[in-house]
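Inspection log for the structure reproduced underneath, given as structure tokens.
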Amino acid sequence: MKCPHCLVEIYPNSKRVGIGTDKDGSWYIEVTQCPGCNKNSYYLVCYELRTNPGGTSKEVTKSTNLIYPKGTNRYPVPLEVPADFSKDYIQSCLVLSDSPMASAALSRRCLQHILRDKLKIKKSDLAKEIQEVIDNALLPADLLESIDAIRNIGNFAAHPIKSQSSGEIVDVEPGEAEWNLDVLEMLFDYLFVRPEIVKKKKLALNAKLSDAGKPNMK
Ligand SMILES: [Zn+2]
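The following block contains the structure:
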């Protein structure tokens with residue numbers, strides 16, 4: 007598992023504190039401490055004891071919810087991404103575990119904002135904008151495939167409102183909200199992070215060329 011504080015892969019020792027039983031099952035808080043950042047995380051777990059035909063009983067976990075830190079298990083937004091674009095993404099991550107519907111609405115809005123602002127596409131709805139990106143191959147092939155899947159996984163045909171009013175809260179398909187966030191991360195990398203890296207490398211190279219009395223790279 008990843009530590010929700012520092013996002014490093016850890017194999018923590020955990021301990022559990024029982025807190026009661028109700029008609030849904032038995033509840034406990036699982037406390038894990040990260041050996042890397044020394045911070046605790048708390049999960050609320052519900053389980054049921056099921057009796058096997060042999061008479062032995064087995065614990066079956068019914069739900070596990072991270073309750074602290076209020077988390078996303080996602081990497082922080084790279085600094086190169088302007089706040090204008092990252093704010094919807096961050097909110098979308100924060101509400102993901104409580105409301106995938108709200109999360110997907112925010113991530114669709116963020117996607118539309120990026121397509122309109124960075125790729126200069128403006129159509130009447132998000133599905134048409136995605137089509138425009140695909141038709142004109144405005145992104146690398148893996149990204150084209152990934153944003154096309156936003157329409158397919160989200161079943162835009164059955165929920166036209168997702169496309170017409172991208173920030174509207176409507177039902178989500180399983181995995182849709184996570185997928186949207188994965189795609190936004192890839193877009194951030196391609197549209198904001200990589201150009202900045204190239205820019206810095208070019209500046210460094212030009213400094214070397216100038217030192218050697220050679221013309222700069224365009
Ligand atoms: Zn940690």
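Positions in the sequence shown are counted from 1; adding 6 to them yields this note's numbering.
Note that beta-carbon positions come from the ideal geometry of N, C-alpha and C, so glycine has one too.
Rank the options by C-alpha distance to the C-alpha of residue i and give the top, closest one.
{"i": "methionine 7", "options": "Gln137, Gln39, Ala147 and Pro88", "result": "Gln39"}
{"i": "glutamate 182", "options": "His11, Ala108 and Tyr48", "result": "Ala108"}
{"i": "aspartate 30", "options": "Thr67, Asn46 and Glu36", "result": "Thr67"}
{"i": "asparagine 44", "options": "Asp28, Tyr17, Arg56 and Ala89", "result": "Tyr17"}
{"i": "glutamate 65", "options": "Tyr196, Pro146, Tyr53 and His119", "result": "Tyr53"}
{"i": "proline 10", "options": "Tyr48, Thr27 and Ser20", "result": "Tyr48"}
{"i": "valine 101", "options": "Ala89, Glu86, Arg122 and Pro75", "result": "Pro75"}
{"i": "arginine 122", "options": "Ala110, Ile96, Ala164 and Phe91", "result": "Phe91"}
{"i": "leucine 13", "options": "Glu36, Gly42 and Arg115", "result": "Gly42"}
{"i": "proline 180", "options": "Phe198, Ile156, Ala218 and Glu191", "result": "Ile156"}
{"i": "valine 37", "options": "Leu55, Lys205, Asn71 and Leu145", "result": "Asn71"}
{"i": "tyrosine 96", "options": "Glu184, Ala210, Leu209 and Pro59", "result": "Per the sequence shown, residue 96 should be read as isoleucine rather than tyrosine. Answer by Cα proximity: Glu184."}
{"i": "aspartate 148", "options": "Leu193, Gln170 and Ala163", "result": "Leu193"}
{"i": "isoleucine 120", "options": "Ser103, Asp94, Ser130 and Pro84", "result": "Asp94"}
{"i": "leucine 132", "options": "Asn46, Pro166 and Ser20", "result": "Pro166"}
{"i": "arginine 115", "options": "Ile159, Ser130, Lys168 and Asn158", "result": "Lys168"}
Using only the alpha-carbon positions, how far apart do residue i and residue j sit?
{"i": "serine 172", "j": "glutamate 202", "result": "29 Å"}
{"i": "leucine 117", "j": "aspartate 28", "result": "42 Å"}
{"i": "alanine 143", "j": "leucine 150", "result": "7 Å"}
{"i": "isoleucine 127", "j": "tyrosine 196", "result": "17 Å"}
{"i": "glutamate 135", "j": "asparagine 186", "result": "15 Å"}
{"i": "aspartate 177", "j": "lysine 220", "result": "60 Å"}
{"i": "valine 189", "j": "threonine 62", "result": "46 Å"}
{"i": "serine 69", "j": "alanine 110", "result": "22 Å"}
{"i": "lysine 124", "j": "serine 98", "result": "20 Å"}
{"i": "proline 230", "j": "serine 113", "result": "The question about residue 230 has no answer here: the residues shown for the chain are numbered 7 through 224."}
{"i": "alanine 213", "j": "asparagine 222", "result": "8 Å"}
{"i": "arginine 22", "j": "valine 139", "result": "50 Å"}
{"i": "glutamate 15", "j": "proline 106", "result": "24 Å"}
{"i": "threonine 57", "j": "serine 152", "result": "44 Å"}
{"i": "valine 199", "j": "valine 87", "result": "7 Å"}
{"i": "glutamine 170", "j": "phenylalanine 162", "result": "10 Å"}
{"i": "serine 20", "j": "glycine 26", "result": "19 Å"}
{"i": "glutamate 174", "j": "leucine 209", "result": "43 Å"}
With respect to the beta strand (DSSP E) encompassing residue i, which residues constitute its N-terminal and C-terminal limits?
{"i": "glutamate 36", "result": "31-39"}
{"i": "leucine 23", "result": "Reading off the sequence shown, one finds valine at residue 23, where the question assumed leucine. Counting along the chain, the beta strand (DSSP E) containing valine 23 begins and ends at 20-28."}
With respect to 8 Å, is the separation between the Cβ of residue i and the closest non-hydrogen atom of ligand 1 below this value?
{"i": "valine 37", "result": "no"}
{"i": "lysine 45", "result": "yes"}
{"i": "histidine 11", "result": "yes"}
{"i": "cysteine 40", "result": "yes"}
{"i": "valine 14", "result": "yes"}
Any beta carbon of chain E sitting closer than 9 Å to that of residue i?
{"i": "arginine 56", "result": "In the structure shown, chain E cannot be found, because there is only a single protein chain."}
For the alpha helix (DSSP H) containing residue i, list its first residue and its last residue.
{"i": "methionine 107", "result": "106-124"}
{"i": "serine 6", "result": "With the chain represented from 7 up to 224, any question about residue 6 goes unanswered, as that position is not in the structure."}
{"i": "valine 189", "result": "182-194"}
_3-residue-minimum beta strand (DSSP E) runs that sit fully inside the region 56-92, ordered along the chain_ = DSSP runs (the beta strand (DSSP E)) wholly in the region 56-92: 63-74.
*Length-filtered (4 minimum) alpha helix (DSSP H) runs lying within the region 137-170*: Residue ranges of uninterrupted alpha helix (DSSP H) with 4 or more members, entirely inside the region 137-170 and ordered along the chain, are 147-159 and 166-170.
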